[in-house]
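What follows is one structure encoded as structure tokens, with my remarks underneath.
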Amino acid sequence: MQEINCIPSIFQTVAHGFPHRPNCLAFDPTLGLLAIGTRNGEIRVYVNHHKFVLELCLKVLFSFLLILLSNNLYGKPGVELEAKIDAEIEVRQILFVENRGQLVTLCEDSSIYLWQISSKKDESGKNVTVLEKTKTCETFNKEHREGNLKKPTTLTVDLKSNRLLVGTQGGNIFALDLKTLDLMDVIIYQDVVLQNIPDEHKRTNPGEVETILLQPGNDDKILIGYNKGLMVLWDNEKLVADHYYVANQQLESVCWLRNGEQFMSSHNDGGYIVWNVNDNINPSESSKIPYGPFPCKPLTKIVWKTVRNSDDFIIFSGGMPRASFSDKNTVSVIQGTIDTGKQRVLDFSSKVIDFIVIDGDADDEYDNPKALIVLSEEELVAIDLRSEEWLQYRLPYLWSVHSSAITCVQHYSDISQELLDKIVDAGKRQSEGKYSFGEWPITGGEIDENAYKEGKDILITGHEDGSVRFWSAGGVCMQHIYTLQTKKLFTSPDDDIAPIDGDEVPLGGSADSEWPAFQKVGTYDPYSDDCRLAVRKVTLCPLNNILAVAGTAGQVVVFDFKEDDAEESLTVTPVDIVPDGEGFVWKGHAKLNHTVGKVKLEAGFQPRSILQISPPAAVTALTVHSNWSLVAAGTSHGFTVFDYLQNKSVMSKSTLKTVDLNTTAGSDALISRRKSFKKSLRESFRRLRKGRSQRGKKSPAEKAASPASTSSLPPGETSVKSILSNDSVKTVERSVEARSDDGMGSMVRCLYFANACITNVSSALTPTLWAGTNAGTVYVFTITIPAEEKRDSESVTCQLAKEIQLKHKAPVIFIHIVDTLGNPLPEVGEEKGEKNKYSTSVPSRVLICSEEQFKLFTLPALKPFCKSKLTAHEGSHARRIAIARFVSKSDERHVENCLMCLSNQGDITIYTLNDLKRQLQSTLTKREDINGISNSAFTKDAEGVFLHSPCEFRRFSFSAKRCLKLNWLLTGVAIETVEPAVEAIETISENPEKEAEPDENVDATKSTIDEADLSLDIIKEVCENQIEPENETKTQTVETKTVKKVEVIVSHNGDVKSEEDVKESVTKSVTVNNECITEVTKITNGEIESVERKIEHLKSDADSDGLNESTKSDKGEIERVLEYCKNEIEANDAKKSAMIMSQNGDANEP
């Protein structure tokens, strides 16, 4: 198990889905960054498509000048940065420091944080981009407030003055240094602002600062909006108020027109006002209420955008009439005037948090908006403002995976490209006419293809509304590709009820149908037509494109994939699991009625057979074998085998016992609560009485111990024998206790089809079915399948062969056949592959896993071979079990299969398959996260996903070979923002296989440069000026390698920086007081011996008498750094590693 032991712990990699509890939104139009802040203190940054250049930091480590070399990578949709505040504090506001790669956040506790997007090395030594917190301001915190400081209400970045303006509840505006977040002396007092306002407007306090906006084209002036309707145009240079603007209603938001000559304010009465800059006190135009004249909800945000050769856009959130549409969450889009212009009201299923408008083509005079991005509590929606019907964009990421509550999850790896293409094509046909074909407005670039090879994996989720959604999960970005609706196959008593509030209005609904013209957008829909439609189990056979879906009312639908639309009648086969003679009466919900007549079926997965199990309890186990055309389904009362080729039941077995009749007849309740409570109290009192009666009694081991044997020991010491007899020294592996019989032991938890040898008569493999129940019982059935030419006419038979009863009676949740070498029996569809090394020439075993222990039995005798108990805390039970393959990172031919177990404690344990020895245990999530543990899935490559929050999956990996991580670097940030920061210098050897010959007469600072964007002479000049010693001394020449080629990239947004700017930047960054000799080398796999020779060479230099004591003291540091470099090279093998090392020291005077 060499590969397992090299894994330090679990890797939690990327997140798929939508951030939980979002609270604010920000966008950087220059760098193309989209940021979302949440109520849990999380910050997410998503990358737009811009070409940027990497930056590199010069760091002085000991006596070395280390230049960290990075690759040019570009973000793409789905690439994200994630950061979290130490405490789960709500992020109230987030904004970008434009074109610097910095963010500023305002939290609920009044803390202000400055974040920097920078590059650092991960555990493997690769450079990755991270979002780091660099500065913190706690001046406004409640416990630190002094004088006029009040709680902050809004933030604005003043780039010209390099400061952050903070508006407070007291009406004052404070300034923070943007680099340090230190409080500056600049304060705009509310009293000073109101000095020249007429007296009639001074009678009421204007309230807190609601908004601060810089005037376009004139950064010296800011527009200050106060809560109660007063707005002031303030001159920062003259420190006076130029104009006052007074509204009669409470202020909600303000936006500037692009030319800076007009602005618009929205208010809590549902109206907005257009102001001219030269207006004083009163507006030149009266207030406009779009949905008046009746009382309306507040118009929380408004945006005004201009368009060349067309009407302007006015976009606002809220403002609906209170009496008619107070329950609606809307964003209104108006192009032109309210009366005659084009108008739509975007209707969302959850509360609107914020929205932004992304401008299109660059234009000095007009905005030309191209997209509207709306953030609601449960989803992100993008609208194409250039399309005729203002259609939605199809999201490349940030999908609302919880559009309906998730009820089950399945993952399938390495499916055929043919099937994947078919599913994607079917999904595209579903979205025709519903989504815009325009380019995604936040399109990304490219990430390093070598960082992770995208696989052909799909994630299937079942939902409460009866839908099954398919997701492409092979890469960084999980995208929705197809949706299968099962509710159209069944009818509900509420189907004749007419839709309300225009729920069925198409996306491009006509404005003439109603006013205002509502347009339902987004996919989030928390409501279900019928709870019986909820999907409980899903299983897919990628080999023959067979999909089985089981629901809450005992319905099992078998689908096969068809590329053309069809119109067919449904075939339903009823199966009664519980015989009439057992006296069982079902008192739960009724079964679903299937749709009568022909049903229109679109291309994709179409129903082939429908199995209706009676009693109609929820399906608890499901499996399909497409080569045999069989599907098996289990419920709380038993299980059945169904032949979907002939549409008839093969067999059914009831697992009910006498004790189960009363507990299952009423409904799906798992236990009789009253009986369980009484029995629990009774057992508690018995344990108390037993404990009291045994007090003071000695155990047999204590009685056997002689008093004389311990009396001779010194005081305070204990004999070894007494220590061994002490119960407190027992292993942490807990005993497996027998289960009581008052639970639902009849529930089927596991079903498994396999070819196995289970009879002693013959060693031939026969088709079998294994079924495990909640009471620890395993039923083994042999299946007789007719020959292929007679498969359509002759019936499949099924006969009980063996029955196994586990002593501890724990629920059986996983069964699989393995060989003695630890290779699992391949699933259907894997039999033709080369990844599975299962051998039929060696004996087989069956692995039976219950919630409390795992056990291997030999076949066909079914004798116990070995077992393993869960060694977690008391009360630990297995919840999810799978077999995964671990591929060696150094040799892909070396593959080992292991058992992965997720427990209800939130930890994952890995066991060997041949002897069930525990190899590794790591915590995945909190044990309180019941929803995440139950909605999880493992992949066959030792990866997995779990529901991190109700709306987001988190991916994890145990594999050293396959680990999906975000390896990208943000570029294009201004050089001055990253400290220390120098242009990226990439060293490329012309012949990496041949070691460069040393040249003692060449100084490292005078390295050869070929075809660089900017001459390195500037950097060399700065270095020579700074490293010149105060006293002239002789320096010892160190052997160096000649630099064959050095590329210097210093472009910023595509422009080459001047030499003076680079010189100034390097001067600020390089701080070296002694002579610096830089050695540049490029090391590959075959140069490890060269590194060893270099280590010995530096050791001899450090021991020489020509060096002073300061250099000798650095010997240990030199050895440690070079040894670390050597280990990194050996660990990464084929990976190329670039490093720049230099030694620094003064020689003794002669």
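In terms of UniProt numbering, the sequence shown opens at residue 1 and continues consecutively.
Built from N, CA and C at the ideal position, the CB exists for glycine as well.
DSSP on residue 181, reduced to helix/strand/coil?
coil
Just how far apart, CA to CA, sit residue 149 and residue 227?
18 Å
Could you pull the start and end residues of the alpha helix (DSSP H) that residue 428 belongs to?
417–430
Could you give the first and the last residue of the continuous alpha helix (DSSP H) run that contains residue 804?
Premise fails: residue 804 lies in the beta strand (DSSP E), 797–805, not in any alpha helix (DSSP H).
For a test of the three-state rule: what should DSSP assign to residue 16, helix, strand or coil?
strand
Rounded to the nearest angstrom, what separates residue 648 and residue 748 at their Cα positions?
21 Å
Leaving out the 5 sequence neighbours to the left and right, which residues in its chain are closer than 6 Å to residue 576 when beta-carbon positions are compared?
614
Compare the beta carbon distance of residue 436 and residue 472 with 7 Å and say whether it is the shorter of the two.
no
Apart from the five residues on each side of it in sequence, which residues of its chain come closer than 7 Å, Cβ to Cβ, to residue 297?
The residues are 270, 318, 319, 320, 322, 326.
With distances taken from CA atoms, which of 958, 940, 951 is nearest residue 411?
940
Counting Cβ pairs, one atom from each stretch, are 3 or more of them under 8 Å apart for the region 548–565 and the region 603–613?
yes
Which of the three DSSP states, helix, strand or coil, is assigned to residue 646?
coil
Would DSSP call residue 916 helix, strand or coil?
Coil.
What is the DSSP secondary structure of residue 137, counted as helix, strand or coil?
strand
Using the C-alpha atoms, what's the distance from residue 139 back to residue 191?
22 Å
Spell out a yes or no on whether the region 387–405 and the region 908–924 are touching, meaning 3 or more CB-CB pairs, one atom from each, closer than 8 Å.
Here the region 387–405 does not lie against the region 908–924, with fewer than 3 beta-carbon pairs under 8 Å apart.
From residue 458 to residue 415, what does the alpha carbon distance come to, in whole angstroms?
8 Å
Where does the unbroken beta strand (DSSP E) through residue 28 begin, and where does it stop?
Where residue 28 is concerned, the enclosing beta strand (DSSP E) starts and stops at 22–28.
Tell me whether the beta-carbon of residue 618 lies closer than 7 Å to the beta-carbon of residue 573.
Against a cut-off of 7 Å, the Cβ pair of residue 573 and residue 618 comes out as no contact.
Could you tell me the alpha carbon to alpha carbon distance between residue 516 and residue 370, rounded to whole angstroms?
Their backbone Cα atoms lie some 23 Å apart in a straight line.
In the structure shown, what three-state DSSP assignment does residue 487 receive?
helix
Measuring alpha carbon to alpha carbon, tell me which residue in 183, 886, 187 is nearest residue 943.
886
Check whether the region 758–768 and the region 796–806 are in contact - that is, three or more C-beta pairs closer than 8 Å.
yes
Look up residue 911 in the DSSP assignment and give the residues it is bridged to.
899, 918, per the DSSP bridge assignment.
Three Cβ pairs or more, each shorter than 8 Å: is that satisfied between the region 481–494 and the region 300–312?
Flag = no, the region 481–494 and the region 300–312 do not touch.
Give me, in chain order, the residues of the same chain whose beta-carbon lies closer than 6 Å to that of residue 586; leave out the 5 immediate sequence neighbours on both sides.
615
Locate the beta strand (DSSP E) running through residue 324, then write down its first and last residues.
Careful: residue 324 lies outside any beta strand (DSSP E), inside the alpha helix (DSSP H) at 322–325.
Would you report the Cα separation of residue 385 and residue 289, rounded to the nearest angstrom?
23 Å
Under 7 Å between the Cβ atoms of residue 850 and residue 812?
yes
Just reading off the beta strand (DSSP E) that residue 212 is part of, what are its end residues?
209–215
Scan the region 571–643 and note each continuous beta strand (DSSP E) run of 3 residues or more that stays entirely inside, going in chain order.
572–576, 598–601, 604–614, 621–625, 630–634, 638–643
Run through the DSSP bridge pairs and tell me what residue 882 is partnered with.
900
Quick check: residue 225 and residue 254, are their CB atoms within less than 7 Å of each other?
Cβ atoms of residue 225 and residue 254: closer than 7 Å.
Please state whether DSSP places residue 931 in a helix, a strand or coil.
helix
Is it true that the CB of residue 167 sits closer than 7 Å to the CB of residue 91?
no
Please report how far the alpha carbon of residue 244 lies from the alpha carbon of residue 278, in whole angstroms.
Going from the Cα of residue 244 to the Cα of residue 278 covers about 9 Å.
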